[in-house]
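A.B. asks: Residue numbers (the working numbering): 27 to 297. We treat Cβ as the ideally placed atom computed from N, Cα and C, and that holds for glycine. Only a predicted model underlies this, so the values are computations on that prediction, with no experimental measurement involved.
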DNA sequence: ACTATTTCCTGGATGC
DNA sequence: TGCATCCAGGAAATAG
């Protein structure tokens with residue numbers, strides 16, 4: 027499932043493939059489509075626009091668009107949800123099931139959005155810079171990071187998943203960060219000591235940077251913009267390892283459910 | 001203002 | 001083999 031490192035990897039790949047290309051026409055699938063903006067507005071905003079850059083914001087892919095001669099700051103925002111894929115292919119390539127949008131490029135290639143589970147979302151933002159409400163975990167300073175958890179009764183795991191606080195962390199990297207920080211997922215966010223928060227801050231940055239370097243985690247069917255799997259799943263220490271032995275102390279990894287999300291941790295290493 | 005719970009959605013795994 | 005059921009989870013909606 028695409029979280030920050032996977033989206034970062036995809037956005038980099040797409041940026042390399044389509045920056046400078048021009049969107050000639052757009053097709054958006056019929057009726058209940060995963061859209062946040064009306065199909066007509068998406069088509070109107072994209073058609074004729076030049077892709078100036080592709081980048082990541084939180085878990086969103088952002089296509090910065092440029093109009094001929096215009097100064098408008100339009101953007102095409104793509105959220106992949108759980109199973110969404112965004113990739114470039116030739117126009118002759120077979121159109122897979124669950125294809126919801128196709129942008130035809132001047133280079134005669136196509137940019138396609140495919141999402142079986144339909145948790146993904148397409149959106150356009152016009153004349154303003156798209157911003158996530160949460161902080162970027164790799165840019166935020168320690169003091170602001172620490173402040174996010176102050177006074178919060180919610181479990182630290184839930185706080186890490188809350189995109190309004192930090193944008194981009196999902197289930198995998200929340201669990202992996204908490205393991206490295208030695209903090210149990212059920213701990214109330216406000217109960218973390220300054221040292222806990224310090225270790226968590228360092229762990230989040232470490233895990234995300236290592237995962238980006240590994241091209242993300244391919245747990246279900248995630249592949250990057252070039253169709254290649256990432257390999258950070260081999261570095262997971264707790265996620266998906268229920269019953270396996272802790273790499274650090276040998277105790278069996280536990281799995282519990284917090285707010286409906288499975289959470290993995292080492293009962294011996296995490297306090 | 002917060003927090004917790006429910007809902008959306010389909011493919012793959014599991015169970016009988 | 002086949003059919004039903006469960007589960008995964010990001011974020012929005014709903015309830016408390």
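1. With 16 as the cutoff for other CB atoms within 10 Å, does residue 295 come out buried or exposed?
2. Which one of 77, 78, 49 and 82 has the shortest CA to CA distance from residue 32?
3. Do residue 88 and residue 68 come within 8 Å of each other at the CB atom, strictly closer than that value?
4. Looking at C-alpha atoms only, which residue of 53, 196, 54 and 132 is the closest neighbour of residue 76?
5. Report, in whole angstroms, the separation of the C-beta atoms of residue 167 and residue 216, which I expect to be a contact under 8 Å.
6. How would you call residue 275, buried or exposed, if buried means at least 16 neighbouring beta carbons within 10 angstroms?
7. Beta-carbon within less than 7 Å of residue 234's beta-carbon, same chain only, minus the 5 sequence neighbours each way: which residues are those?
8. How far does the alpha helix (DSSP H) with residue 204 in it reach, from first residue to last?
9. Whole angstroms is fine: what's the gap from residue 90's alpha carbon to residue 270's?
10. Let me know the secondary structure DSSP gives residue 278 once reduced to three states.
11. Express the C-alpha separation of residue 148 and residue 62 in angstroms, rounding to a whole number.
12. Just to confirm, are residue 243 and residue 256 a CB contact at a threshold of 8 Å?
13. Leaving aside the five residues before and after residue 124 along the sequence, list all residues of the same chain whose C-beta is less than 7 Å from its C-beta, in chain order.
14. Beta strand (DSSP E) containing residue 229: first to last residue?
C.D. replies: Concretely, from the data shown:
1. buried
2. 82
3. no
4. 132
5. Their Cβ separation, rounded to whole angstroms, is 20 Å, which puts residue 167 and residue 216 out of contact at 8 Å.
6. exposed
7. 30, 31, 163, 164 and 199
8. 197-207
9. 44 Å
10. strand
11. 6 Å
12. yes
13. 140, 141 and 142
14. No beta strand (DSSP E) holds residue 229; the alpha helix (DSSP H) holding it covers 220-239.
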